[in-house]
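Report on one structure; see the data block that follows.
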Amino acid sequence: KALFRALKTKHDTPKYGLIYHASLIGQAGPKMKGKIARMVATKAALSIRVDALGETESPEIGIENRGKVEARLRMLEGHGGKPSGADRKAAGNAKGQKKHEFVASSSYNTSTDATMTSPSSEKKRKADSDNEDSSKKVKKEKKEKKDKKDKEEKEEKKEDKKEKKEKKEKKDKKDKKEKK
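So the sequence shown is residues 711 to 890, counted in my numbering.
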């Protein structure tokens, strides 16, 4: 809510939330907190996916991503802008990036799957008919309550009319006696 309000009014976006408690984001200046927060969030999401779906158990990806975020933070603080193409190439060669090696993936083991037994169609029909019966009963009960309420209201109206009529008759008789 605060983010969209700030964007609509062209003000600075709010800088609070769980991710802003991260030490990397705390090191960044106020103007760069948003950039660093987005970068930390993306690297964390990638690391989580690799951890969950990858076959290796080493924390390499997290350490590499943290190094990239720290390098980006230093670069932003130093230059205050985007690096030129030559700076990026020099930074990439200085790290000595490893060549990615493809490992043959293991085949999928179908015996570890859990299979669900489907209930017979009779049971499904029975459950459906039970639901229909219960919904019909509920509707019928509601209708009966409504009819009963309407009937009571009509009776009350009749009684009120009767009382008014009796009062009017008494008043008329009284008026006639007074005239005599």
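Ideal placement from N, C-alpha and C gives every residue a C-beta, glycine not left out.
| Does the distance from the C-beta atom of Leu783 to that of Leu728 stay below 8 Å? | no
| field | N- and C-terminal bounds of the alpha helix (DSSP H) containing Ile758 | value | Lys743 to Leu763
| Can you name, in chain order, every residue of its own chain whose Cβ lies under 8 Å from the Cβ of Ala716, other than the five neighbours on each side? | Excluding residues within five positions, the ones whose Cβ falls inside 8 Å are Asp722, Thr723 and Pro724.
| field | Buried versus exposed call for Val779 [16 or more other C-beta atoms within 10 Å across all chains shown] | value | buried
| query | According to the Cβ coordinates, are Leu763 and Asn775 closer than 8 Å? | reply | no
| task | Evaluate Val750 with the Cβ neighbour count: other Cβ atoms within 10 Å of its Cβ, from every protein chain shown; 16 or more gives buried, anything less gives exposed. | result | Within 10 angstroms of the beta-carbon of Val750 lie 16 or more other beta-carbons, which makes it buried.
| request: Identify whether Gly727 lies in helix, strand or coil by the three-state DSSP scheme. | output: coil
| task | Within 10 angstroms of the Cβ of Ala738, are there 16 or more other Cβ atoms? Answer buried if so, exposed if not. | result | buried
| Beta carbon of Ala747, beta carbon of Tyr726: below 8 Å? | no
| query | For the alpha helix (DSSP H) that contains Lys720, what are its first and last residues? | reply | Element bounds for Lys720: n/a, residue is neither H nor E.
| query | Within this structure, are the beta carbons of Lys786 and Met742 separated by less than 8 Å? | reply | Before going on, a small fix: residue 786 reads as Leu here, not Lys. The answer is yes: Cβ separation under 8 Å.
| query | For Ala732, which residues of its own chain have a beta-carbon under 7 Å away from its beta-carbon, when the five flanking residues on both sides are left out? | reply | The residues Val750, in chain order, have a CB closer than 7 Å to that of Ala732 in the same chain once the five nearest residues on each side in sequence are set aside.
| Would you call Lys753 buried or exposed, if buried means 16 or more other Cβ atoms sit within 10 Å of its Cβ? | buried
| request: Return the Cβ separation of Ile773 and Val760 in integer angstroms, given the expectation that the two are a contact with Cβ distance under 8 Å. | output: At roughly 12 Å, the Cβ-Cβ gap does not stay under 8 Å, so Ile773 and Val760 are not in contact.
| said: Quick check: the Cα distance between Gly736 and Phe714, rounded to an integer number of angstroms? | reply: 23 Å
| field | Endpoints, the alpha helix (DSSP H) within which Gly736 is located | value | Bounds of the alpha helix (DSSP H) holding Gly736 are Ser733 to Gln737.
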